[in-house]
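Counting from 21, one number per residue, gives the positions in the first sequence under my numbering. We put the CB at the ideal spot given by N, CA and C, even for glycine.
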Amino acid sequence: MDAFYASVELLRYPQLKGLPMVIGGGRRKVDEALRNVPEGGTLADIPVAAFPLLKDYAGRGVITTATYAARQFGIGSAMGLMKAAKLCPQALILPVDFDEYRKYSRRFKQVITEIAPLMEDRGVDEVYIDFTDVPGGQREGGRVLARLIQKSILQATGLTCSIGVAPNKLLAKMASEFDKPNGISIVFERDLQARIWPLPCRKVNGIGPKADEKLQGHGIRTIGELAAKERDWLIAHFGKATGAWMHEVAWGRDERAVVTESEPVSMSRETTFERDLHAVRDRAELGAIFTRLCEQLAADLQRKGYVGKTIGIKLRYGDFKIATRDQTIESFTADPKAIRRIAGQCLKRVPLERPLRLLGVRVGTLARAGEAATELVASGGTARRGKSPADEAAAQTASLF
DNA sequence: TCTGGGGTCCTAGGACCC
DNA sequence: TCTGGGGTCCTAGGACCC
Numbered sequence: 021m022d023a024f025y026a027s028v029e030l031l032r033y034p035q036l037k038g039l040p041m042v043i044g045g046g047r048r049k050v051d052e053a054l055r056n057v058p059e060g061g062t063l064a065d066i067p068v069a070a071f072p073l074l075k076d077y078a079g080r081g082v083i084t085t086a087t088y089a090a091r092q093f094g095i096g097s098a099m100g101l102m103k104a105a106k107l108c109p110q111a112l113i114l115p116v117d118f119d120e121y122r123k124y125s126r127r128f129k130q131v132i133t134e135i136a137p138l139m140e141d142r143g144v145d146e147v148y149i150d151f152t153d154v155p156g157g158q159r160e161g162g163r164v165l166a167r168l169i170q171k172s173i174l175q176a177t178g179l180t181c182s183i184g185v186a187p188n189k190l191l192a193k194m195a196s197e198f199d200k201p202n203g204i205s206i207v208f209e210r211d212l213q214a215r216i217w218p219l220p221c222r223k224v225n226g227i228g229p230k231a232d233e234k235l236q237g238h239g240i241r242t243i244g245e246l247a248a249k250e251r252d253w254l255i256a257h258f259g260k261a262t263g264a265w266m267h268e269v270a271w272g273r274d275e276r277a278v279v280t281e282s283e284p285v286s287m288s289r290e291t292t293f294e295r296d297l298h299a300v301r302d303r304a305e306l307g308a309i310f311t312r313l314c315e316q317l318a319a320d321l322q323r324k325g326y327v328g329k330t331i332g333i334k335l336r337y338g339d340f341k342i343a344t345r346d347q348t349i350e351s352f353t354a355d356p357k358a359i360r361r362i363a364g365q366c367l368k369r370v371p372l373e374r375p376l377r378l379l380g381v382r383v384g385t386l387a388r389a390g391e392a393a394t395e396l397v398a399s400g401g402t403a404r405r406g407k408s409p410a411d412e413a414a415a416q417t418a419s420l421f
């Protein structure tokens with residue numbers, strides 16, 4: 021979907037069309053600004069001048085989405101808001117409204133599955149579709165069906181999307197970025213050399229900043245240069261699995277199926293504080309946040325019908341270093357108090373002297389709430405974990421939470 | 001100018017078991 | 001009296017993605 025969050029916002033604030041606008045920021049801060057919006061007839065009647073400006077935003081956070089008008093100024097996703105404000109102070113800023121985006125996410129996915137049932141969910145704004153066997157799916161290399169999908173989504177939601185059609189997921193993903201927004205791009209195997217090889221390695225889904233930097237260290241900048249390397253050379257430098265995979269993707273090969281069903285592995289809640297907090301000095305505040313995260317997470321699990329037995333915490337320190345601790349318990353749970361208790365034990369095993377920026381709680385090893393009891397009986401719920409050195413250390417740590 | 005929140009998968013060492 | 005080999009589970013960290 022094209023600039024998904026921003027595009028959904030423009031559906032209710034059409035008066036902002038064409039203006040530089042970003043979605044992100046600490047919700048509360050932006051909400052305060054929006055609360056000053058005068059009472060109008062509908063949302064569409066709110067004057068543009070009433071919307072908060074990026075330059076007036078003072079707080080932490082990153083941009084989740086920028087309109088194409090904002091991207092003209094060099095603003096992009098994941099950019100810090102303060103930096104974005106320097107690039108385009110007059111840009112408008114709106115808070116993230118995830119419930120609203122989910123609503124539209126469900127709508128556009130339903131449109132797709134009605135046309136092509138083999139759809140793989142890749143998050144709120146992206147999917148893979150296998151339309152090999154959809155009637156008409158092969159016409160004009162897939163362009164006819166891609167157009168139908170675009171048109172149907174626009175009709176049902178008012179939103180545009182970009183579609184890449186290719187023999188596999190790897191190439192389709194790259195193709196989808198060739199003609200944004202509202203574009204269709206068809207890539208055949210024979211286009212590999214002309215259209216894929218000139219691209220930077222970073223364009224491969226799975227090659228991130230670290231791998232790219234390492235590749236560049238070897239003088240490999242494009243996918244073509246990667247393809248020119250011997251498989252064995254790549255394996256020698258990047259390991260057996262990664263090296264072999266890199267060789268495959270450079271040659272446009274990808275056998276992964278479109279997966280229509282999957283079960284969640286973990287669920288989590290985390291929050292970045294408005295200012296760094298200290299475990300001792302800000303103990304009360306931290307404790308309240310901690311409890312709330314556990315309650316939210318428990319509610320998420322219960323609403324979705326899951327229980328879990330690995331409970332963990334995540335800290336991000338002021339210096340951005342991350343620490344995680346987790347503990348697997350005997351029986352599955354989705355109870356806020358149980359989660360809070362185990363997570364509290366995890367917290368005691370992690371250094372708490374330095375300023376904290378973020379706190380998160382996670383539940384993993386999930387099972388469906390209805391089926392977990394059966395499994396528990398079958399396994400006997402045996403406990404075998406003894407007292408680890410970490411536990412001993414924890415016992416000596418002041419009970420901050 | 002500091003850098004969100006919610007995920008998945010991989011690696012690697014140690015415990016433990018047969 | 002010099003120490004196997006294979007397997008699973010648990011834990012911590014890290015890369016990467018949307």
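Local Cβ density within 10 Å of residue i, reported as buried at 16 or more and exposed below that
i, result
"Leu-191", "buried"
"Phe-24", "buried"
"Asp-145", "buried"
"Lys-329", "buried"
"Arg-369", "buried"
"Arg-382", "buried"
"Arg-360", "buried"
"Trp-253", "exposed"
"Arg-377", "buried"
"Ala-354", "buried"
"Lys-193", "buried"
"Phe-118", "exposed"
"Val-327", "buried"
"Ala-26", "buried"
"Pro-356", "buried"
"Thr-87", "buried"
"Gly-81", "buried"
"Thr-133", "exposed"
"Val-28", "buried"
"Val-224", "buried"
For residue i, the three-state DSSP class (helix, strand or coil)
i, result
"Thr-177", "helix"
"Arg-312", "helix"
"Ile-169", "helix"
"Asp-320", "helix"
"Phe-293", "strand"
"Phe-352", "strand"
"Met-139", "strand"
"Tyr-77", "coil"
"Thr-62", "coil"
"Leu-31", "helix"
"Leu-114", "strand"
"Gly-307", "helix"
"Gly-263", "helix"
"Gly-226", "coil"
"Val-278", "coil"
"Gly-156", "coil"
"Val-144", "coil"
"Ile-132", "helix"
"Gly-161", "helix"
"Ile-149", "strand"
"Thr-100", "At residue 100 the sequence reads Gly, which differs from the Thr that was named. Strand, per DSSP."
"Lys-368", "coil"
"Ala-195", "helix"
"Glu-233", "helix"
"Gln-213", "helix"
"Phe-93", "coil"
"Ala-248", "coil"
"Phe-258", "helix"
"Glu-268", "helix"
"Leu-36", "helix"
Beta bridge counterpart(s) of residue i as assigned by DSSP
i, result
"Leu-335", "Ala-343, Leu-379"
"Pro-220", "Thr-242"
"Gly-44", "Ile-83"
"Ser-286", "Gly-384"
"Tyr-326", "Arg-388"
"Gly-184", "Ser-205"
"Val-300", "According to DSSP, which records beta bridges pairwise, Val-300 is partnered with nothing at all."
The ligand PLP heavy atom lying under 7 Å from the CB of residue i
i, result
"Arg-163", "Among the components of this structure there are no ligands whatsoever, and the ligand PLP is therefore not found."
Open item on the list: Count Cβ pairs between the stretch 157-166 and the stretch 176-187 that sit closer than 8 Å; are there 3 or more?
Closed with: yes
Open item on the list: If contact is defined by three or more beta carbon pairs under 8 Å, each pair taking one atom from either stretch, is the stretch 301-320 in contact with the stretch 335-348?
Closed with: no
TODO: Inspect the CB distances between the stretch 205-220 and the stretch 170-177 and report whether three or more fall short of 8 Å.
DONE: no
Open item on the list: Count Cβ pairs between the stretch 282-292 and the stretch 315-326 that sit closer than 8 Å; are there 3 or more?
Closed with: yes
Task: Cβ contact (3+ pairs, closer than 8 Å) linking the stretch 298-308 and the stretch 273-280 - done: no
Open item on the list: Does the contact criterion of 3 or more C-beta pairs under 8 Å hold for the stretch 103-118 versus the stretch 243-257?
Closed with: no
- [ ] Mind the definition here: the stretch 229-242 touches the stretch 145-154 only if three or more C-beta pairs lie below 8 Å; say whether that holds.
- [x] no
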